[in-house]
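Basically the working numbering = 1-based index in the sequence shown + 6.
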Amino acid sequence: MSFGEPSKFRKYTPLVAVLFLLGGVVYAVRSLGVNTGYAPEQPIPFSHRLHAGENQIPCLYCHANADKGRHATVPSMNVCMNCHSVVANDKPTIQTLKKYYEEGRSIEWIRVHDLPDFVYFSHRWHVAKGVQCQTCHGKVEAMERIEQMQPLTMGWCVDCHRAKEASIECGTCHQ
7 MSFGEPSKFR
17 KYTPLVAVLF
27 LLGGVVYAVR
37 SLGVNTGYAP
47 EQPIPFSHRL
57 HAGENQIPCL
67 YCHANADKGR
77 HATVPSMNVC
87 MNCHSVVAND
97 KPTIQTLKKY
107 YEEGRSIEWI
117 RVHDLPDFVY
127 FSHRWHVAKG
137 VQCQTCHGKV
147 EAMERIEQMQ
157 PLTMGWCVDC
167 HRAKEASIEC
177 GTCHQ
């Protein structure tokens, strides 16, 4: 083939372009809602590595409703101040925490693990079945800043339910 002749592959160029575009669309749609790696900076730095790892504070001490209800809930300022009224209260971040507490304000934490509104998820059911927090949330006890480790997509959840022989009935999660 010389430089002046049209390429015999030129007739495939539109097909290649369409397949490439279609692949990109499929990737984008499959990635919707997948926040794996999301680790926003919080208003007050909080180390799960220090609290849950080094100090071995159980998840349910701070996230007290996880075994009782749908949401694990963010701990109230009272829970933080149970310890921090006497522990590390000379540190600037704890002084900020104390100031919020004394003013009756709460900290506007940024949600990391967020499911769509049409999904019904109950922490209580999973805790009752002995599912460890790390299964969905990763090794929180090793995280300086909390990060979403799993995709939390329907496919990911269904794969886990199949592996554990748990319900995969649509009405279980879509109520």
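Positions of the beta carbon are idealized from the N, C-alpha and C atoms, including for glycine.
Exposure of residue i, with buried meaning 16 or more beta-carbon neighbours within 10 Å
i, result
"Ala72", "buried"
"Phe52", "buried"
"Val35", "Low confidence applies here, because Val35 scores a pLDDT of 49, under 50, leaving its location unreliable and the question unanswered by this model."
"Ala169", "exposed"
"Cys176", "exposed"
"Gly110", "exposed"
"Asp165", "exposed"
"Ala94", "exposed"
"Ala148", "exposed"
"Ser173", "exposed"
"His185", "What is shown of the chain runs 7 to 181, which leaves residue 185 out entirely."
"Leu56", "exposed"
"Leu103", "buried"
"Pro20", "exposed"
C-beta contact flag for residue i and residue j at 7 Å
i, j, result
"Tyr67", "Met87", "no"
"Val146", "Ala58", "yes"
"Cys139", "Cys65", "yes"
"Ile50", "Ile113", "yes"
"Ile116", "Pro46", "yes"
Boundaries (first-last residue) of the alpha helix (DSSP H) holding residue i
i, result
"Ala148", "Premise fails: Ala148 is in no alpha helix (DSSP H) and is neither H nor E."
"Arg130", "His129 to Ala134"
"Val164", "Met160 to Ala169"
"Tyr106", "Pro98 to Glu108"
"Met193", "The structure shown does not extend to residue 193, since the chain is modelled only from 7 to 181, so the question has no answer here."
"Thr178", "Cys176 to Cys179"
"Leu66", "Cys65 to Cys68"
Beta-carbon separation (whole angstroms), residue i vs residue j, contact threshold 8 Å
i, j, result
"Gln181", "Thr42", "That belief does not hold up - the Cβ atoms of Gln181 and Thr42 are roughly 26 Å apart, past 8 Å."
"His119", "Gly75", "Not a contact, Cβ separation roughly 16 Å."
"Thr159", "Val40", "6 Å"
"His69", "Pro81", "7 Å"
Residue i: CB within 6 Å of a non-hydrogen atom of the ligand NAD
i, result
"Asp73", "Judged by which ligands are present, the structure shown has none, so any question about the ligand NAD falls away."
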